[in-house]
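Heads up, the first sequence is in our numbering, so the first residue is 275 and it goes up one at a time. Cβ atoms here follow ideal geometry from the backbone N, Cα and C, with glycine treated the same way. The structure appears right after this line, and notes come after that.
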Amino acid sequence: MQYNHTEIEKKWQKYWEENQTFKASNSSKKPKYYVLDMFPYPSGAGLHVGHPLGYIASDIYARYKRHKGFNVLHPQGYDSFGLPAEQYAIQTGQHPAKTTEENIKTYRRQLDRVGFSFDWSREVRTSNPEYYKWTQWIFIQLFNSWYNKDSDKAEDISTLEKIFKKDGNTAVNAVCDEEIKSFSSDEWKAFSKAAQEEILLQYRLTYLSDTEVNWCPKLGTVLANDEIINGVSERGGHPVVRKKMRQWSMRISAYAQRLLDGLETIDWPQPLKDSQTNWIGKSVGAMVSFQVDVKSKDSASEVKLTYKELEALKELRANLSKAEISLWNEIKNKKGASKFRKKYTIGSFLVDYVCLAKNLIVEFSGKEDEAERAVFFNKEGFNVIRFSNEEVLQNVVKVVSEINFAIQFPKVQKTESKKNVTSIASSRAELRGEKSDKIDVFTTRPDTIFGVSFLTLAPEHELVSKITTDTQKAAVEAYISATAKRSERDRMADVKTISGAFTGAYAVHPFTGKQIPIWIGDYVLANYGTGAVMAVPCGDQRDYDFAKHFDISIPNIFEGVDISEAAHSDKDGTVIANSDFLSGLKYKKALKLAIFELEKKGAGYGKVNYRLRDAVFSRQRYWGEPFPVYYKDGMPQMIDEKHLPIVLPEVEKYLPTEDGKPPLGNATEWAWDSRAKKVVSNDKLKNKTVYPLELNTMPGWAGSSYYFNRYMDPHNENEIASKENLQYWQNIDLYIGGSEHATGHLLYARFWQKFLFDKGIVPVDEFAKKLINQGMILGTSAFVTVFNGSFIGKGNANNIPLLLCNSVLDIVRKNTTLFYDLWNKDTLTDSEIISNYKVEKAELDKVKNTYGTLLKAAKERGFESIEWTDKTVEVRLIHTDVSFVNASDELDLEAFKSWRTEFKDAEFLTLEDDSFKVSREVEKMSKSKYNVVNPDAICEEYGADSLRLFEMFLGPLEQAKPWKTSGISGVSSFLKKLWKLYFNGETFEVSDAEPTKDELKTLHKTIKKVEEDIENFSFNTSVSTFMIAVNELTALKCNKRAILEPFAILVSPYAPHIAEELWSLLGNKDSISTADFPVFEASHLVESTKTYPVSFNGKMRFTLELSLDLSKDEIEETVMANEKTIAQLSGREPKKVIIVPGKIINIVG
RNA sequence: GCUCGAGUGGCGGAAUUGGUAGACGCGCUGGAUUCAAAAUCCAGUUCUUUCGGGAGUGUGGGUUCGAUUCCCACCUCGAGUACCA
């Protein structure tokens, strides 16, 4: 009987489905094992052969574990919310749910064909309301939680309220918004409900805030950083602007340290751990404040605020009085030239509000020094308007309209103030900065503070214009404008060029009191840290280079270290010198002491900086999870969990609304009736108990951050999963997926898992014990070359394309000058060609032949000549579909011509009637490169078992490797040979005779190797082990049941269909998946002799079969007596003979 | 630049407590079968050679009886990251 993969595979796939063979039980006496693939986004393009790679590996492992007696959970589902379906909906009006459903059908059909052992009864889809009910539920849990740093875990928000009620917020150690005002318990109780809610929102693990986002007006949505290229959107190239929007954020920063610590406990690839570590970006150090030296400035109107006073000022800004808040709420949103600042220093005065662009100061009346202030402000060119507390409280609208009037119709400034133009100018410059003239820097090396010899500010730093002296002004401005001209990209790419400018100003060293020059330089980034660094040239290479370049002093503060050539950035073993109280100390101690002294002086404080930012959780999109949130008086309210899910509403259009609201703004049925507890029509918003629902949806990573838990109990309507199931399955034992999710999905999922763990919902705080990144399968693109010199001389038909095959291409390319000259002179002799054109003699005929063919092609077409654009022949490589190319790289010309009709009449240039060969190159698999291979086609032609074996055979799982369909014939014929072992001609026939020693040896060495390979995820090598075994068994003509039955089990994880078929032919009733894995017995591999390699000076010369019973001396004796040895030595006396029994013999001499 | 990974035939790749380099497969060459092709089977296939042998795992050194494997320096390629103070 012939091996018929189509029939067999269909039969067993049907069997598995009907018998629910791979359905996992939630309780079993067997140990559990959870194998998971990252679930796919069902795109419209379907699967290509690269996609199943990881699934095949995990499937082999899952099947292996079943054979090994585990209760295996191996589910699959779909990450079915996402942008492509939405984009398609915008273009075609098709509901994303519909296209998603269709795509899933395609995926399922393709997946089924490969014969995976998925437990489909547990399928989840993130876009199903029954599923996203739990996404919404987790969101509510996050909203109702805060992070207590003292217990180092998330706690219910009620515990926070209790503390507020009892002690206020001063003693709370929480992860929360910055700049929260402090209050006592009495104050808390006095706050309105709304005020309390506002405060709590600053502590919740998911919170609303005004976040600066990348807004693309044309696309009507927010873009992630990686969706922007060169300042425009990746798709469409539309401009992108920074815009503040009120959005939900996730307080992932609360978990920064635990996310780092957890990495130690999980078996994930090191590069992946590295990139998460990098992303979290922990740096330990200190904030240090440097005062700008006022003596170096001439202006009398300097702000002389100390660090403490500034801290106080910060507090003042945060703690506004009732009237102040009320007015601030009205004017804070003014933009552009009308922008107001609160509690701002003008000269040495602190004003309530100021609009700098309009020279307008707004103050509350009744200040003691009102007269003095008025004089100074007038002198500086400001208009001042004053209101009383009462005026503001009684009618804030009237106050605002007066302010608006003042903005629109500014009073003419007094002439006297215009006289002193420079004074005003310098004063204006001063006002541009929000901070006073104190420069904060973050440093990881406060221990090197005595090595500071200058400060560097980013050119964009707000203090730059303020502190620059008149003499340096021109230089600084020139530098800033030069920097501004360079794009961000140029600036980052060009790290080597050192550039900068001196501001002329000096700062004061917090300990020595010495003057430190302040420079600007573009090696300091405005958007990291404070945009300023304390430069320690002896300890930091960039500072060192800068100092060398500008001839700034480089004080050495390291004991016995030479810094004449480069900076010394080592920490370990370095002893600090020339550093006052730090001298003689090692790094660690110096660091601690420096921070201690800084804090004592009020000049700084210890700080741990994380690069990890809170994650924005709102998307202005349709096809995502709706929030279970409605707004009452502008405050977000959670919908009670018993009313979940809140189902995504229908909309007419999937685009943002005309007034810029997200797509859900188009929904007509999108309001929350708080009495009826359901979503109702927007018409009812007039009712007092009906409120607007949130219009944003959740991001793509929401649904994928916990799905692995849901698989444990996917149909549970009351819980995310039952306690028992969670307890039983715990977490993923083996997780396989791509490395591109390193800092997205895999970080967020760890975050949610830790949160759910804190809340006692899940039993473990890391969701995946082991993770493997499968490598990408690359396509092998095929190219034909279009010769760009055009044929001319016959009417209008000038552009008959000439296609060059691979072998001609090289000749044409190498000999362009020769061809050009041949064409024009036509009288070159062979010897001229050889000597003048560097043509190898052996190549001569080939070259001339090629030229002749080229010429013939032109003449045959009736053309007189070829137009040479240049001596350099230009050629153009175009992709051809890989399906037109056979294993020997030959192109099917007819198929190609009918595919690309513009080449219908083209000439195809080959040599000596060769077939037309394409050139090949390895590239990413993609539709546009015509190198996509569809697994369906492979299953059709070779079968799923061949596909599975071949994908594994390509190379190591983690490695990127090119796909070449031609290679599949190897595994395909292996399966045929395997099949033949069980057959005698046309009939199935196995013998019950005792197996021979050799047969047992083959079986058991295969068991050993395959078991080791699977445990090490080295699937490629076990495929070759199978091939070797089958070759050996074929040679032995083995048809013994005792060998072939266990062998079928060995093969079954890899090629399950054929294994099932053979298993049932062997007379077994149950699926082979229920069979135990064969047990390796070492006794079958014991040898009595060894074929020793005999080496001379380490080079193997011949082999010698010797008994393993021989002693070292006996071996030596035998070897030395051997005639080959004597021949090798040719009379020399060996210096030494090395004998490792059972391994090698090496003769030195 | 930094971090990590990798360099082995025409190609994918195998082999590392240091012990016969190139397993297995593709491709190629020759042969058998066939009217022919496909399929199948057999033999060969790192390079070089005066057929004895010699050289050989990116390059150059080192350790060792012995190095693809360990150490040092360098080169190339790939991935990630982007001046993180």
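The criterion of a C-beta distance shorter than 9 Å is not satisfied by A331 and I1242. Separation of F1093 and L1102 (C-alpha to C-alpha, rounded to the nearest whole angstrom) is 11 Å. When the Cα atoms are used, A298 and V309 turn out to be separated by approximately 11 Å. Within its own chain, the residues whose Cβ lies closer than 7 Å to the Cβ of L959, once the five positions on either side in sequence are excluded, are A945 and P966, listed in chain order. Secondary structure note for P403: its alpha helix (DSSP H) is the uninterrupted segment P403 to F417. Annotation for I1288: I334, Y335, Y338, S1296 and P1327 place their beta carbon closer than 8 Å to its own, counting only its chain and skipping 5 residues before and after. CA-CA distance, N992 to G351, rounds to 21 Å. When the five nearest sequence neighbours on each side are left out, the beta carbons in the same chain lying within less than 8 Å of the beta carbon of L1167 are those of F1182 and F1190, in order along the chain. Ranked by Cα distance from G847, the first of K862, S838 and F855 is K862. Taking all protein chains in view, the Cβ of K1130 is surrounded by fewer than 16 other Cβ atoms within 10 Å, so the residue is classified as exposed.
Between the alpha carbons of T1127 and V1086 lies a gap of roughly 11 Å. M972 sits in coil when the DSSP states are folded into three classes, being neither helix nor strand.
In the structure shown, K423 falls within a coil segment according to DSSP collapsed to helix, strand and coil. With respect to G1011, Q1048 sits close: the two C-beta atoms are nearer than 9 Å.
In the DSSP assignment, N1047 is bridged to G1011. Its chain contains P937, G939 and N940 as the residues whose beta carbon lies nearer than 8 Å to that of T931, once the 5 sequence neighbours on both sides are disregarded; these appear in chain order. Contact annotation, Y981 with F355: C-beta distance approximately 12 Å; criterion of less than 8 Å not satisfied. With a minimum length of 3 residues, the unbroken runs of beta strand (DSSP E) contained wholly in the stretch 857–930 fall at 878–884, 903–906 and 909–912. For the 9 Å CB-CB criterion, I412 and W1026 form a contact.
C1213 sits close to E283, with the two beta carbons spaced by under 9 Å. The three-state secondary structure of M1199, taken from DSSP, is coil. Between F776 and V750, the CB-CB gap stays under 9 Å. Considered as a whole, the stretch 308–359 harbours 345–347 as its complete beta strand (DSSP E) runs of no fewer than 3 residues, in chain order. For T374, the enclosing alpha helix (DSSP H) has its first and last residue at P370 to V388. For D393, the closest C-alpha among the options R615, D987 and V1422 is that of D987. Nearest Cα to H325 within the set K1398, R1222 and E1390: R1222. Per DSSP, F1354 lies in no alpha helix (DSSP H) segment and is marked neither H nor E. Taken through DSSP and simplified to helix, strand or coil, R399 comes out as strand.
Each of Y985, P349, L922 and K1120 was checked against the Cα of Q410, and the nearest Cα belongs to L922. Only buried fits L533, as 16 or more other CB atoms lie within 10 angstroms of its CB. Between L482 and W522 a beta carbon distance of about 6 Å is seen, short of the 8 Å cut, so the two are scored as contacting. Residue state for D854 is assigned as helix, using DSSP reduced to three classes. One alpha carbon belongs to E429, the other to A756, and they sit about 52 Å apart. Counting only unbroken stretches of 4 or more residues, the alpha helix (DSSP H) elements lying wholly within the stretch 1364–1414 are 1386–1395 and 1397–1403, in sequence order.
Contact between the stretch 1271–1278 and the stretch 1299–1319 is established, with three or more Cβ pairs separated by less than 8 Å. In this structure, the beta-carbon distance from R399 to I414 does not fall below 9 Å.
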